[in-house]
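**Q** Got a structure for you, written out below as structure tokens; questions coming shortly.
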């Protein structure tokens, strides 16, 4: 493949005719040529991490997935036990340097470093997190000897928070929605708009839709 990069498929022992051919599987963690990734959140200005165990808006959560791609293919890496590992039997290996790489979060269908469809339902922690579109581009990669590529992710969303006030004691607000462009297409904000169902925060002792209720959403700026 071009520039010497390729994705490695771990193969299993196969049975052919009357004989058994065994080849030793290559493991990502022990392969000296594997490209490891270190994915970090560069900017915290859009929102706090909605359910980080550390309470840190710059931390990924266990189970978060990032799509890493180049012209040679794409690999999904998952964050577990403080490190990123491929989610299946494919991973990038080092070859000639200088190839461009891209990373995007979340690793959901239809999302990459140029395209993102904003979820219209952000009513739970998980749905809110999956609305936090982040990208990073590396024009030319180089192995500094560690075999690790670092991606500093930039957030592309804007956080909005609406807080209710002056609501009558016997009244509640229902069906609160927030308007936003539908997403990003080929790096450009869409002209179409959607109504987003936000995440709702009810103050202690208050009632949903009453005074002090907050509506939180991530929208395309």
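Residue numbers (this note's numbering): 173 to 393. Heads up, the beta-carbon is just placed ideally off N, CA and C, and yes, glycines get one too.
#1: In three-state terms, what does DSSP make of residue 246?
#2: Pick out whichever of 303, 355, 365, 260 has its Cα sitting closest to the Cα of residue 293.
#3: Taking 8 Å as the cut-off, decide whether the C-beta atoms of residue 338 and residue 384 are in contact.
#4: Who pairs with residue 321 in a beta bridge, going by DSSP?
#5: Would you kindly report the start and end of the unbroken alpha helix (DSSP H) that includes residue 297?
#6: Please report the Cβ distance between residue 324 and residue 272, rounded to the nearest whole angstrom; I am assuming they are in contact, meaning their Cβ atoms lie under 8 Å.
#7: Report yes if the CB atom of residue 307 is closer than 8 Å to the CB atom of residue 208, and no otherwise.
#8: Can you give me the start and stop residues for the beta strand (DSSP E) that residue 411 sits inside?
#9: Quick one: what's got a C-beta closer than 6 Å to residue 353's C-beta in the same chain, skipping five residues either side?
#10: Once DSSP output is grouped into helix, strand and coil, what is the label at residue 353?
#11: Taking the C-alpha atoms as reference points, what is the distance between residue 227 and residue 326?
#12: Would you decide whether residue 205 is buried or exposed? Buried here means 16 or more other CB atoms lie within 10 Å of its CB.
#13: Figure out for me which residue from 386, 390, 378, 382 has the closest Cα to the Cα of residue 372.
#14: Looking at the unbroken beta strand (DSSP E) that takes in residue 309, where does it start and where does it end?
#15: List the residues that DSSP assigns as beta-bridge partners of residue 266.
#16: Using DSSP bridges, identify the partner residues of residue 394.
#17: When you compare only the Cα positions, how much space is there between residue 381 and residue 347?
#18: Rounded to the nearest angstrom, how far is the Cβ of residue 258 from that of residue 200, given a contact under 8 Å?
#19: Taking only three categories from DSSP, how would you classify residue 258?
**A** Quick look at the numbers:
#1: Three-state DSSP puts residue 246 in a strand.
#2: It is 303 whose Cα lies nearest to the Cα of residue 293.
#3: No; because the gap between Cβ atoms is not below 8 Å, this pair is not in contact.
#4: The secondary-structure analysis by DSSP pairs residue 321 across a beta bridge with 209.
#5: That run of the alpha helix (DSSP H) goes 297-301.
#6: Contact check for residue 324 and residue 272: beta-carbon distance about 16 Å, past the 8 Å limit, so the pair fails to qualify.
#7: For the 8 Å CB-CB criterion, residue 307 and residue 208 do not form a contact.
#8: An answer regarding residue 411 cannot be provided, because it is not within the stretch 173 to 393 covered by the chain.
#9: Once the five neighbours on either side are set aside, the close Cβ partners of residue 353 are 361, 362, 365, 392.
#10: Assigned with DSSP and collapsed to three states, residue 353 falls in strand.
#11: Legend: pLDDT at residue 227 = 49, less than 50; position of this residue unreliable, value from coordinates given subsequently. Each residue's CA atom was taken as its position, placing residue 227 and residue 326 some 19 Å apart.
#12: Looking at its Cβ environment, which holds fewer than 16 other Cβ atoms inside 10 Å, residue 205 is exposed.
#13: Of 386, 390, 378, 382, the residue nearest in Cα terms is 386.
#14: Where residue 309 is concerned, the enclosing beta strand (DSSP E) stretches over 306-310.
#15: Paired residues: none, contrary to the question.
#16: Because the chain is modelled from 173 through 393, residue 394 falls outside the range shown and cannot be assessed.
#17: Cα to Cα, residue 381 sits roughly 9 Å from residue 347.
#18: Contact holds; Cβ gap of about 6 Å.
#19: DSSP, read as helix, strand or coil, puts residue 258 in strand.
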